[in-house]
Amino acid sequence: MFVILVYDVGEKRVTKALKRCRKYLNWVQNSVFEGEISETNLAKLKMELDRIIVDNEDSVIFYTLRTTRYSQREIMGLCKGGQDLII
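Those letters in the sequence shown? Residues 472 to 558, per our numbering, in order.
In C-alpha cells, the structure reads:
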C-alpha cells in the first residue's frame, strides 16, 4: 500500500518522530513522508510513533492508498526531500 504521513509533534519529540518515519518512508518535506509500505511495517511504525507522541499535544495523520493508479503529484516552489518516489 502507499501511505502519506503528516505529523505535528512537540519540539522535544520531532527528532525521534523524524527518525522513526525515515526508517519506513521517504521524507518529502518538513513533517511529511510518503512511500510504499507493507501492512506489517505500517503497524510497526504506528506502534513506534505511539510510544513517542503525547496524545493530547501531538498529531499524526496517515493517508492510505491501496493503489496509486489514479493519483498524481505536483510540486510548486522549492522541492524539499527526496524525489526518488513520484506518484
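Positions of the beta carbon are idealized from the N, C-alpha and C atoms, including for glycine.
Predicted, not measured: the structure shown is a model, and the values here were computed from it.
Looking only at its chain, what residues have a beta carbon closer than 7 Å to the beta carbon of E519, apart from the 5 residues adjacent to it on each side? Within the sequence shown, the letter at position 48 stands for residue 519. Cβ within range, chain order: R491.
Selection from T538, E528 and S509 that minimises the alpha carbon distance to K483: The sequence position of residue 483 within the sequence shown is 12, counting from 1. K483 has its Cα closest to that of E528, out of T538, E528 and S509.
Taking Y565 as part of the alpha helix (DSSP H), name the residues at either end of that continuous run. Because residue 565 is not part of the residues shown, which for the chain are 472 to 558, the question remains open.
Determine whether the beta carbon atoms of L549 and S542 lie at a separation below 8 Å. Walking along the sequence shown from the start, residue 549 turns up at place 78. Walking along the sequence shown from the start, residue 542 turns up at place 71. Result no, Cβ atoms of L549 and S542 do not sit closer than 8 Å.
In whole angstroms, what is the alpha-carbon distance linking A468 and S502? Shown here, the chain extends from 472 to 558; a query on residue 468 therefore has no answer.
Under the rule that 16 or more other beta-carbon atoms within 10 Å means buried, what is I557, buried or exposed? The residue you call residue 557 lines up with position 86 of the sequence shown. Residue confidence for I557 is low, a pLDDT of 45 falling below 50, so the modelled location carries little weight; the figure read from the coordinates is stated next. Its Cβ having fewer than 16 others within 10 Å, I557 is exposed.
In terms of alpha-carbon separation, which member of K487, V480 and E505 lies closest to T539? Position 68 of the sequence shown holds residue 539. Comparing Cα-Cα distances from T539 to each of K487, V480 and E505, the minimum goes to E505.
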